[in-house]
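Notes follow once the structure below has been shown.
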Amino acid sequence: MDLATAPPAPLTRHHLHVAGDWVDPSSGDTIPVENPATGETIGEVPAGAPADVDRAVAAARAAFPGWAATAPAERAAHLDRLHAALAARADDIARTVASELGAPLKLATRVQAGLPLIVLRGMVELAARPAAEQVVGNSVVVREPVGVVGAITPWNYPLHQVVAKLAPALAAGCTVVLKPSELTPLTAYLLFDAVTEAGLPPGVVNLVPGTGPVVGEALAAHPDVDLVSFTGSTATGRRIAHLAADRIARVALELGGKSANVILADADLPTAVKVGVGNVLVNSGQTCTAWTRMLVHRDRYDEALELAATAVAGYRLGDPFDPATRLGPLVSAAQADRVRGHVDRAIADGARLVAGGPAAPLPPRGHFVAPTVLADVHPDSALAQEEVFGPVLAVIPFTDTDEAVAIANNSRYGLAGAVWSADEDAALAVARRLRTGQVDVNGGAFNPLAPFGGYRQSGLGRELGTYGVEEFTEVKAIQR
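Sequential numbering of the sequence shown, starting at 657, is according to the numbering used here.
Below you can see the structure in the form of structure tokens.
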């Protein structure tokens, strides 16, 4: 096998990163890390404890005054050095993500390793700008860093989700304690290798791996954490919000989604369906913004189902390091079982299987689920209402635009969505009616400087760009 595509050697890390040093954890408990494509253990990391959180938060608190007082240009220079150190590790990052998450290497290289570098580069530029001040009558309104940030990140984009919190927090002048997902913690260690190389001041960023119920809860409830930034499930986000509310602390929550892809009657149907299927299947469907509900005008419904089945058939499952693989495994056996359960329930509820499903062939080992298309899905059914987080597409017909908007908005979530039409003005009009944080019109490209976040149970606050930096600030009015 070519060394450029070979998986990394088994990787075990024994330390936390606190106050600028690699330090011993408070106990010898560890968390094994699995390769979901094989089921094999590839390494382990410390299982942090509340005492480790206390130590890391104390380091972040001690570092905060100096970092907050650091000139914007100097903070930007630190982030620029971090960008260079991360870029030098891009290949290792991609191979590690492919191993601990199961993402195909091409996706791991382009998105999992590449997107965080784009986001971080943008934050270097934003960090260099002094915080804007506004004059309101006899007041000067200023923004100041909120303080110590507890960042709790998920497994599906193990570097991007960290950078989307860490970079704007540092740009704003905050210090950070990070708890990465226990399913994909190895990538975070590569980030902290880069932090060490970049020479960030001691205590500005700290790493405590561990489980959510132990390290995550200790961080969310800690009296010296000023803001908790969490990405993950709505159920866990609710728990974190409760813990923070008990001490009147701020939260930023990026939670679940059940996004609608609205394809109007005059749309370029082959393109809309192909892109829509690709959006659902990227990262094996483990993406909160996935357009998992495809809404198609009844006049073109049957044609859309045929196109979707053809598109799904082009996704080969297999080894993430095989160049022919387009779809990797799900992150764990539990996640694969959960997704299969959603499919079984949908079929029992009356959905029609168009492609994939329980009988589809799978690789002999690993946590794989076949890409699946289900038609005639009722808008109120569990499949149309619950986040599956797997390679499953629900296709729903509509009669007119008003019905399409009503179906799209029939959700407790509101994270993303899409609209397709030959008439861009008509598509934009529908986009404005969707109750969701972002909408792509006719395949509009992802913008890493635009605000990212959702309505309703998709969360609170925004990430990325200037909006992401402002999330980590407090507003002060100075009268004169």
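The C-beta atom is built at its ideal place from N, Cα and C for all residues, glycine as well.
Please read these numbers as outputs of a predicted model, since none were measured by experiment.
Three-state secondary structure (DSSP) at residue i?
| i | result |
| --- | --- |
| S795 | strand |
| Q1094 | coil |
| D978 | coil |
| D658 | Residue placement at D658 is poorly supported in this model, since its pLDDT is 49, which falls under 50; the coordinates still yield a value, given next. Coil. |
| G770 | helix |
| V999 | helix |
| V819 | helix |
| P1053 | strand |
| R1008 | strand |
| F848 | helix |
| F1108 | strand |
| A788 | coil |
| V1138 | With the chain covering only 657 through 1136, there is no way to say anything about residue 1138. |
| V987 | coil |
| L761 | helix |
| G1100 | coil |
| A807 | strand |
Check for me: the beta strand (DSSP E) holding residue i runs from which residue to which?
| i | result |
| --- | --- |
| E1130 | T1129 to Q1135 |
| H614 | In the structure as shown, the chain begins at 657 and stops at 1136. Residue 614 is therefore absent and cannot be evaluated. |
| S1145 | The structure shown has nothing for residue 1145, since the chain only spans 657 to 1136. |
| A750 | Per DSSP, A750 belongs to no beta strand (DSSP E); it is in the alpha helix (DSSP H), A746 to E756. |
| R669 | Run containing R669: none; DSSP gives neither H nor E here. |
| I904 | Here I904 belongs to no beta strand (DSSP E), and DSSP marks it neither H nor E. |
| F886 | L883 to T887 |
| F1024 | Where F1024 is concerned, there is no enclosing beta strand (DSSP E), given that its DSSP letter is neither H nor E. |
| V832 | T831 to K835 |
| V679 | D677 to V679 |
| L863 | V861 to L863 |
| L1030 | T1028 to A1031 |
| E700 | E696 to P702 |
Shortest alpha-carbon distance to residue i belongs to which of the options?
| i | options | result |
| --- | --- | --- |
| W723 | V674, G704, P810 and A825 | A825 |
| E910 | G1110, A823 and V1061 | G1110 |
| G699 | V929, S795 and L839 | L839 |
| A1085 | G1093, V1061, N1066 and G1100 | V1061 |
| V1010 | A992, P979 and V1029 | V1029 |
| S1067 | D708, Y971, W947 and A965 | W947 |
| A967 | V884, L986 and L937 | L937 |
Between residue i and residue j, how many whole angstroms is the CB-CB distance? I'm expecting something under 8 Å.
| i | j | result |
| --- | --- | --- |
| F1128 | V805 | 6 Å |
| V1095 | G1073 | 5 Å |
| V861 | V851 | 6 Å |
| V999 | P1017 | Their Cβ separation, rounded to whole angstroms, is 15 Å, which puts V999 and P1017 out of contact at 8 Å. |
| A1101 | L1120 | With 8 Å as the limit, A1101 and L1120 do not qualify as a contact, their Cβ atoms being about 14 Å apart. |
| A743 | L773 | 6 Å |
| A732 | A693 | Wrong, their Cβ atoms sit about 39 Å apart, outside the cutoff. |
Can you name the start and end residues of the alpha helix (DSSP H) that residue i belongs to?
| i | result |
| --- | --- |
| W1076 | W1076 -> not in any alpha helix (DSSP H); beta strand (DSSP E) instead, spanning G1073 to W1076. |
| D1117 | Rather than Asp, the amino acid found at residue 1117 in this sequence is Gly. Taken as a continuous stretch (DSSP letters only), G1117 belongs to no alpha helix (DSSP H), as it is neither H nor E. |
| A876 | E873 to A876 |
| A707 | P706 to A724 |
Which runs of the beta strand (DSSP E) spanning at least 3 residues fall entirely within the region 910 to 971, listed in chain order?
Counting whole runs of 3 or more residues, the region 910 to 971 contains the beta strand (DSSP E) stretches 916 to 919 and 949 to 953.
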